[in-house]
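In structure tokens, the structure reads:
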């Protein structure tokens, strides 16, 4: 039976009567896309609010500013960046790439979406009942003494952690049990490899995060426990970064898989150094669990411990360099398509590369203790997570859009949106590197005079960034409503998700 027939049969077996009760991974991927897009919009509103308040030059209410900053960070990290690629592209593509019609644990697929929805709603409820103002890292003792509906927010994050965990378990079991006959581990596409490795981090980090956030809430309510008042503030920070450093990696690992697959597709070539890329991804998985202390440089951690973590963090340069070499080798002499995914790949290389280089300064003991508490660290985080992970997500979304939705988008609008996004990204956040080097602390609720001009440039960049994202979103949404029917393989890709039968009414190829 062909791959398309297998998938069609499985989808027929899952005819469950509606979207709410569905266990179809394709439908759940699209619902995740809607929810995650909504979370991104809400987080962007908080970011714009902060930028407008800080850019006025007037004093800003610190409580209001820190509430805005708290929810912006929580939404963008835990409700957008972490789940975007695994929950949308993962559920939408992993079964197809493996030649299966469904995930191994369909009930877990549905649970992951429902847990995510519950967590999102509880976050909104906490905002309505009493916004929390302690920052998205919940540093103790501030998180223990602040007001707001912290218990409701913690419960929402608990469900968010459960959503990650069941997704990770589902990925692992699916790869082990649902591969097509004759497909060994080293015959899997790179994206499937990256999602498989991400599954281990999702399962571990999701469960541990759910546990420690409830421990923190219990300490706030009872005044007792590991993180209670009087405990060492570094205790919470060590646990938090031990979980969220892999969280950053389980955003970056699938991002690397997406970019690798997209580069191979737009180049019309096989991935150069396939086994080298797989080995590098495994190395990054290992490093994700032993580099959390680099975030504590300059926060009271001993010099010897900081040195060890700085060294381990610098080791990540090796697998990153090998993966980058594979990308350049794949592009070399390829028949590169002038297409929206190409635009976002270029944006990823520029922004992700800048973030990686600037990360070397934060890992260096000589300057890291100074820069880690400034806007330099904030800019680095945005370059890695927004310029890296989000850009990879957009590249993958444009590349696989015909497979996910069955529709074709306007390639010209896609390229325009990508260019505006790339220019706006750099104008918005590169000035923050300069501001941080000049000593502007992170989370300052007003505009400092000596960086006022840079703040203005950053504001213009934010506008361009949002305009580019708006054009991109409109192009994709409009294609779902009235775009031509897709049944083509414009990239000439050989992976199984592109091997479905072409419908007779399929639209014209993109002609890239």
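Residue numbers (the working numbering): -16 to 495.
Quick reminder that beta carbons are idealized off the backbone N, C-alpha and C, glycines included.
Remember, predicted model here, so these are calculated numbers, not experimental data.
Sub-8 Å separation of residue i and residue j beta-carbons
{"i": "residue 314", "j": "residue 246", "result": "yes"}
{"i": "residue 134", "j": "residue 204", "result": "yes"}
{"i": "residue 334", "j": "residue 371", "result": "yes"}
{"i": "residue 16", "j": "residue 80", "result": "no"}
{"i": "residue 368", "j": "residue 64", "result": "yes"}
{"i": "residue 180", "j": "residue 76", "result": "no"}
{"i": "residue 526", "j": "residue 444", "result": "This structure does not reach residue 526, given that the chain is present from -16 up to 495, and the question cannot be answered."}
{"i": "residue 240", "j": "residue 176", "result": "yes"}
{"i": "residue 143", "j": "residue 62", "result": "yes"}
{"i": "residue 26", "j": "residue 70", "result": "no"}
{"i": "residue 250", "j": "residue 306", "result": "no"}
{"i": "residue 136", "j": "residue 166", "result": "no"}
{"i": "residue 345", "j": "residue 466", "result": "no"}
{"i": "residue 374", "j": "residue 331", "result": "yes"}
{"i": "residue 19", "j": "residue 67", "result": "yes"}
{"i": "residue 118", "j": "residue 49", "result": "yes"}
{"i": "residue 8", "j": "residue 92", "result": "yes"}
DSSP-derived helix/strand/coil call for residue i
{"i": "residue 115", "result": "coil"}
{"i": "residue 325", "result": "helix"}
{"i": "residue 97", "result": "helix"}
{"i": "residue -12", "result": "Unreliable positioning characterises residue -12 in this predicted model, as indicated by a pLDDT of 46, which lies under 50. A coordinate reading is not provided."}
{"i": "residue 241", "result": "helix"}
{"i": "residue 246", "result": "helix"}
{"i": "residue 478", "result": "coil"}
{"i": "residue 284", "result": "coil"}
{"i": "residue 210", "result": "coil"}
{"i": "residue 10", "result": "helix"}
{"i": "residue 3", "result": "coil"}
{"i": "residue 162", "result": "coil"}
{"i": "residue 454", "result": "helix"}
{"i": "residue 221", "result": "helix"}
{"i": "residue 271", "result": "coil"}
{"i": "residue 254", "result": "coil"}
{"i": "residue 409", "result": "helix"}
{"i": "residue 124", "result": "coil"}
{"i": "residue 473", "result": "coil"}
{"i": "residue 140", "result": "helix"}
With 16 other Cβ atoms within 10 Å as the buried cut-off, status of residue i
{"i": "residue 383", "result": "buried"}
{"i": "residue 147", "result": "buried"}
{"i": "residue 341", "result": "buried"}
{"i": "residue 255", "result": "buried"}
{"i": "residue 159", "result": "exposed"}
{"i": "residue 476", "result": "buried"}
{"i": "residue 168", "result": "exposed"}
{"i": "residue 238", "result": "buried"}
{"i": "residue 311", "result": "exposed"}
{"i": "residue 480", "result": "buried"}
{"i": "residue 224", "result": "buried"}
{"i": "residue 377", "result": "buried"}
{"i": "residue 287", "result": "exposed"}
{"i": "residue 103", "result": "buried"}
{"i": "residue 290", "result": "exposed"}
{"i": "residue 96", "result": "buried"}
{"i": "residue 398", "result": "buried"}
{"i": "residue 299", "result": "buried"}
{"i": "residue 393", "result": "buried"}
{"i": "residue 45", "result": "exposed"}
Residues sharing a beta bridge with residue i, DSSP
{"i": "residue 424", "result": "357"}
{"i": "residue 468", "result": "390"}
Of the listed residues the options, nearest to residue i (C-alpha basis)
{"i": "residue 389", "options": "405, 114, 415, 460", "result": "460"}
{"i": "residue 184", "options": "199, 322, 235", "result": "235"}
{"i": "residue 408", "options": "441, 136, 377", "result": "441"}
{"i": "residue 257", "options": "200, 171, 353, 355", "result": "171"}
{"i": "residue 396", "options": "347, 454, 302", "result": "454"}
{"i": "residue 213", "options": "115, 35, 125", "result": "125"}
{"i": "residue 297", "options": "271, 393, 178, 88", "result": "271"}
{"i": "residue 308", "options": "287, 336, 292", "result": "336"}
{"i": "residue 414", "options": "358, 393, 404", "result": "358"}
{"i": "residue 115", "options": "131, 122, 446", "result": "131"}
{"i": "residue 418", "options": "451, 361, 393, 381", "result": "361"}
{"i": "residue 364", "options": "220, 322, 352, 228", "result": "228"}
{"i": "residue 85", "options": "24, 299, 162", "result": "162"}
{"i": "residue 34", "options": "22, 23, 21, 51", "result": "51"}
{"i": "residue 72", "options": "23, 154, 210", "result": "154"}
{"i": "residue 182", "options": "210, 200, 201, 151", "result": "151"}
{"i": "residue 448", "options": "156, 186, 437, 403", "result": "403"}
Closer than 7 Å: residue i CB and nearest the ligand ATP heavy atom
{"i": "residue 122", "result": "Of ligands this structure carries none, so the ligand ATP is not represented either."}
Within-8 Å CB hit, residue i to chain C
{"i": "residue 216", "result": "Checking the listed chains, one finds no chain C in this structure; it contains a single protein chain."}
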